[in-house]
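Some notes on the structure that comes next.
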Ligand SMILES: [Zn+2]
Ligand SMILES: [Zn+2]
């Protein structure tokens, strides 16, 4: 493989990584909060134990990228580059979502400044709503400013509604 070819494939992997944010956003908004709520519900409720049904989504994505890696290593470098991009996104997602936000790792590290803090706060706002509908912030790599999300959440009134329903 020439250097140019390698750089081209690296650029494709980075492109796929960025596109995956859109894919994850859409999957979260329309599948997980849609017909796939059965698996995702466990993630919006307090669950006992380390694993939750929602983890099956990570399993599905992992199987998909393993298949792409296998196909790619049979002489399809383009497919391989796509698999690398998806896997990079998976790692990023795990660090931000499972690690920084939900602290599913043995070390405590909560970002107190910068963009990482904004991502964590934005996802916490996603969890402010317990039910399937009326949620904000479905992405992981990009989050709008927290003030904007809070305003949107207030405007929808879902949190207040849920509180009333519980009382
Ligand atoms: Zn959700
Ligand atoms: Zn979450």
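In the UniProt record's numbering, the protein residues as written are 1 to 167. By construction, the Cβ of each residue, glycine as well, lies at the ideal position given by its N, Cα and C atoms.
Thinking C-beta only, is residue j closer than 9 Å to residue i?
i	j	result
residue 61	residue 31	no
residue 72	residue 81	yes
residue 124	residue 101	yes
residue 162	residue 129	yes
residue 109	residue 83	no
residue 169	residue 27	As shown, the chain starts at 1 and ends at 167. That puts residue 169 outside it, with no answer to give.
residue 143	residue 113	no
residue 58	residue 35	no
Which of helix, strand or coil does DSSP assign to residue i?
i	result
residue 167	coil
residue 150	helix
residue 141	coil
residue 157	coil
Tell me the rounded alpha-carbon separation between residue i and residue j.
i	j	result
residue 41	residue 48	14 Å
residue 98	residue 132	20 Å
residue 137	residue 149	7 Å
residue 145	residue 139	12 Å
residue 165	residue 156	15 Å
residue 158	residue 17	32 Å
residue 55	residue 67	19 Å
residue 122	residue 147	9 Å
residue 70	residue 1	19 Å
residue 141	residue 6	25 Å
residue 167	residue 63	43 Å
residue 182	residue 39	This structure does not reach residue 182, given that the chain is present from 1 up to 167, and the question cannot be answered.
residue 44	residue 107	23 Å
residue 9	residue 19	15 Å
Taking 9 Å as the CB-CB cut-off, is residue i touching chain B?
i	result
residue 120	You won't find chain B in this structure, because it holds only one protein chain.
For this session: Mind listing, in chain order, the continuous alpha helix (DSSP H) runs of no fewer than 4 residues lying wholly within the UniProt domain "Fatty acid hydroxylase" (15-139)?
Result: Taking only runs of at least 4 residues, the alpha helix (DSSP H) segments lying wholly in the UniProt domain "Fatty acid hydroxylase" (15-139) are 37-44, 55-72, 77-93 and 114-126.
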